[in-house]
Every structure is written in C-alpha cells, then in structure tokens.
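So my numbering is basically just the index in the sequence shown, starting at one, shifted up by 388. Where is the CB? At the ideal position from N, CA and C, for every residue including glycine. Take a look at the structure below.
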Amino acid sequence: MPASLRLLPALALAAWVFGGLPAPAAADHHEMNPCAAKSLNPCAKKANPCGMKNPCAAKNPCAKKNVCNPCAAKKNPCAGKNVCNPCAGKNPCGAGGAAVNPCRFKQPKNSKMGGGDEAALLERGEALWKDTSLSSNGVACATCHAQGASFMPSFAKPYPHPVAMVKQMSGVDAVNASEMVQFCMLQPMQAEPLPWNSPKLAALTHYVEHVQQGHTANPCAMKNPCAAKNPCAGKR
Numbered sequence: 389m390p391a392s393l394r395l396l397p398a399l400a401l402a403a404w405v406f407g408g409l410p411a412p413a414a415a416d417h418h419e420m421n422p423c424a425a426k427s428l429n430p431c432a433k434k435a436n437p438c439g440m441k442n443p444c445a446a447k448n449p450c451a452k453k454n455v456c457n458p459c460a461a462k463k464n465p466c467a468g469k470n471v472c473n474p475c476a477g478k479n480p481c482g483a484g485g486a487a488v489n490p491c492r493f494k495q496p497k498n499s500k501m502g503g504g505d506e507a508a509l510l511e512r513g514e515a516l517w518k519d520t521s522l523s524s525n526g527v528a529c530a531t532c533h534a535q536g537a538s539f540m541p542s543f544a545k546p547y548p549h550p551v552a553m554v555k556q557m558s559g560v561d562a563v564n565a566s567e568m569v570q571f572c573m574l575q576p577m578q579a580e581p582l583p584w585n586s587p588k589l590a591a592l593t594h595y596v597e598h599v600q601q602g603h604t605a606n607p608c609a610m611k612n613p614c615a616a617k618n619p620c621a622g623k624r
C-alpha cells in the first residue's frame, strides 16, 4: 500500500480532534441485529389468553362446588344423619345421647313373666315397693310415691301409657307396667334391671298395676289451679 494511503486514517483523526471533520459514526450494531427490536420471546407482544383468567373456569361445573365433595351444594339426603351410622335414627334402641338405653328396660318379644297367687304377688309386691335394698342409692319405689304421691296424670290411664320421664330420658313413647318397673330400677334407683322371669319383677308389676287401677288423676298433683284465684294468697 502507498505510504500516502496509510496516512489517511491518521490525518482524519487529527482533523476531528482539531474541529475539522465530524466524528466518525460508531457502527450501528442494532441495525445489523434482526432481533434487536424484538424480544427473544416471539409471544411477548401477543395477548396470553390464560394471562388474566382461566378460559375454562366458567365452563367448569364444579367451579363453585366443594371439590372434595361435588355433591356438597346439592341436597344431601344424609346431611341430617349420623354419617358414621346412617341408620341411627331408625334404631329403636339407638336413642343417641339418651340417659337410658331403651334396650335395657323394653320387654323382649316372647319373654314370659313369672306368675303365682294374686294375693301373694300383691303382698310381696307391696313389700318390694318399700324395699330400699333393690337400689344402689337407698331409694325405693315408695320413696317417690309414698301414699300415691308424685304420680303424673298419665298414671291414671291403663298400661301401656306414656310417661314423661321415660320419653325424655329414652325417647320411648309408652311403656307397660313391667317396663316401668325396669325403667325405675335404672332411674332413679341406679340399679340393674330385674330378670324378666324374676318373681320379684312379677310381684312388683302386679302391685304397680293394682295401684294404677285404684288411682285417679289429682288435678293439683303438678300445680294448684286455685293458687291464682285465692284472694288471700298475697296476704298474711
């Protein structure tokens, strides 16, 4: 290369330094890069259909349901039942949460009661009625029912009949005389029920039926209907 040509770059630089020529333009690498104006992600400027919402959400039949139980929003026929035992409400001996299990005092089918001379049964039944040794807490039948006291109005009706305490504590609607004896053995006497063929149960049952037949409902047994009408009630 001639020496004069080799001096051209040096002369051009000197001219720029001293204000003679404009500065040489830097190479524009961006113009040479076909991807410079683009993102490396070809979808960056495109709308992502899944970006803000799930396009399937409105079409999902389970979207608003409990995903663990797709029937949660539907009327569940078992909702009010004990899921551990769906037959609990149908079990006559279930009485869930009751203080007394009906199976402990309800008379089994085909069970036979003891019998004997009527007078002898009544005599023994009256003695057992007052016998505190039948209980575990010193209570006898006569403790609550001395001289025919503390009987509910329903006691005047022939057995079987409803008894409020039995209903409340076991859910059983009505009992016969022997079942009432067995219930009282459990509550309030806090003892075990008697065997169904027991002579003691036969005697007590006969005596209870005898007392019931001679009982008339006392309108003042639970309350005094005259109390509010007594003009002297509030006076000394």
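Which residues share a DSSP beta bridge with His-594?
Reading the sequence shown from its first residue, position 206 is the one you call residue 594. His-594 pairs with nothing; no bridge assigned.
By how many angstroms is the C-alpha of Ala-591 removed from the C-alpha of Leu-510?
What you label residue 510 is simply residue 122 of the sequence shown in a count that begins at 1. What you label residue 591 is simply residue 203 of the sequence shown in a count that begins at 1. If I take the Cα positions, the gap works out to 6 Å.
Excluding sequence positions up to five away, which residues of its chain have a Cβ less than 8 Å from the Cβ of Arg-492?
For the purposes of this step, residue 492 is taken as residue 104 along the sequence shown, with counting starting at 1. Counting only Cβ-Cβ distances below 8 Å, and skipping sequence neighbours, we find Gln-570, Leu-574 and Pro-581.
Pick helix, strand or coil for His-549, following the three-state DSSP scheme.
Here the question's residue 549 lines up with position 161 in the sequence shown. Correct three-state label for His-549: strand.
Terminal residues of the alpha helix (DSSP H) in which Met-573 lies:
The residue you call residue 573 lines up with position 185 of the sequence shown. It spans 565-574 - the alpha helix (DSSP H) in which Met-573 sits, taken as one unbroken run.
Quick one: what does DSSP say Gly-482 is sitting in, helix, strand or coil?
Numbered from its first residue, the sequence shown carries residue 482 at position 94. In this prediction, Gly-482 scores a pLDDT of 42, lower than 50, which makes its location untrustworthy; no coordinate-derived value is stated.
Neighbour-count burial assignment, Gly-504, 16 or more Cβ in a 10 Å radius:
As a first step, residue 504 must be located in the sequence shown, where it is residue number 116. Classification of Gly-504: exposed, given that the 10 Å Cβ count is below 16.
By how many angstroms is the C-alpha of His-549 removed from the C-alpha of Asn-564?
In the sequence shown, counting from the first residue as 1, residue 564 sits at position 176. In the sequence shown, counting from the first residue as 1, residue 549 sits at position 161. Cα to Cα, the separation comes out at about 7 Å.
Helix, strand or coil, according to DSSP, for Gly-580 in the structure here?
Taking the sequence shown and counting its residues from 1, one reaches residue 580 at position 192. Position check: residue 580 holds Glu in this sequence, whereas Gly was assumed. The DSSP-derived three-state label of Glu-580 is coil.
Cβ neighbours of Ser-538 in the same chain (closer than 6 Å, five flanking residues each side left out)
As a working note, residue 538 is residue 150 in the sequence shown. Cβ neighbours of Ser-538 beyond the five flanking positions: Cys-532.
DSSP state of Gly-536, grouped into three classes?
Residue 536 sits at position 148 when you count from the first residue of the sequence shown. Correct three-state label for Gly-536: helix.
Beta-carbon spacing of Gln-578, Ser-523 below 8 Å
Reading the sequence shown from its first residue, position 190 is the one you call residue 578. Reading the sequence shown from its first residue, position 135 is the one you call residue 523. Contact: yes.
Outcome for His-603 when other beta-carbon atoms lying within 10 angstroms are tallied against a minimum of 16
As a first step, residue 603 must be located in the sequence shown, where it is residue number 215. By the neighbour-count criterion, in which 16 or more other beta carbons inside 10 Å mark a residue as buried, His-603 falls on the exposed side.
Which of helix, strand or coil does DSSP assign to Gly-559?
Numbered from 1 along the sequence shown, position 171 holds the residue referred to as residue 559. Here Gly-559 carries a coil assignment [DSSP, helix/strand/coil].
Between the Cα of Arg-512 and those of Gln-600, Met-568 and His-594, spot the shortest distance and give me the residue it belongs to.
Here residue 512 corresponds to residue number 124 of the sequence shown, with the count starting at 1. Taking only the C-alpha atoms, the option nearest Arg-512 is His-594.
Between which two residues does the alpha helix (DSSP H) harbouring Leu-516 extend?
By one-based count along the sequence shown, residue 516 stands at place 128. Element bounds for Leu-516: 506-517.
Using only the alpha-carbon positions, how far apart do Glu-567 and Ser-499 sit?
Looking up residue 567 in the sequence shown gives position 179. Looking up residue 499 in the sequence shown gives position 111. Approximately 12 Å, taken between the alpha carbons.
Return yes when at least one heavy atom of the ligand COA lies under 7 Å from the C-beta of Glu-567, else no.
The model depicted lacks the ligand COA and carries no ligand whatsoever.
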